Amino acid sequence: GSAAINFAWVACGRLDAWFEPDLSPWDSAAGALLVREAGGRVTDCEGNEYVLGTRPICSSNGKIHDELLAVLREADATQLDD
Numbered sequence: 011g012s013a014a015i016n017f018a019w020v021a022c023g024r025l026d027a028w029f030e031p032d033l034s035p036w037d038s039a040a041g042a043l044l045v046r047e048a049g050g051r052v053t054d055c056e057g058n059e060y061v062l063g064t065r066p067i068c069s070s071n072g073k074i075h076d077e078l079l080a081v082l083r084e085a086d087a088t089q090l091d092d
């Protein structure tokens, strides 16, 4: 799949949220900016704000972000497997 299209869909409202457990910076930087500029929120899957090195990515319209993080915590899906 394409991370770029998923970020774009969150930014335009086609998706309410999207997460990916392992993205490289070149796959996430532009998309994270797109979502933020559209008023959404981008963090890691523990709720820490996105920075260039963030690998597990959670992006949302911002309205449901806390619920997204809670579901991922409950499913123990916030980090990559060791």
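Taking our numbering, the leading residue of the sequence shown gets 11, the next gets one more, and so forth.
Glycine included, C-beta positions come from ideal geometry on N, C-alpha and C.
Just so we're clear, the structure is a prediction, and the values are computed from it rather than from any experiment.
Restricting to Cα atoms, I'd like to know which of the options is closest to residue i.
| i | options | result |
| --- | --- | --- |
| G23 | L82, L44 and V61 | L44 |
| S69 | C55, Q89 and A85 | C55 |
| P35 | L62, V81, E84 and K73 | L62 |
| N71 | E47, A80, D86 and L82 | E47 |
| W19 | D32, L79, G50 and P31 | G50 |
| I126 | K73, E84, W28 and V81 | As displayed, the chain neither begins before 11 nor continues past 92, which places residue 126 out of reach and without an answer. |
Determine the extent of the beta strand (DSSP E) in which residue i is found, giving its start and end residues.
| i | result |
| --- | --- |
| A85 | A85 -> no beta strand (DSSP E), and no H or E assigned at all. |
| I74 | It is not in any beta strand (DSSP E) - I74 carries neither H nor E in the DSSP assignment. |
message = My parser needs the beta strand (DSSP E) runs of 3 or more residues fully inside the segment 13-60; what are they?
response = 27-30 and 51-53
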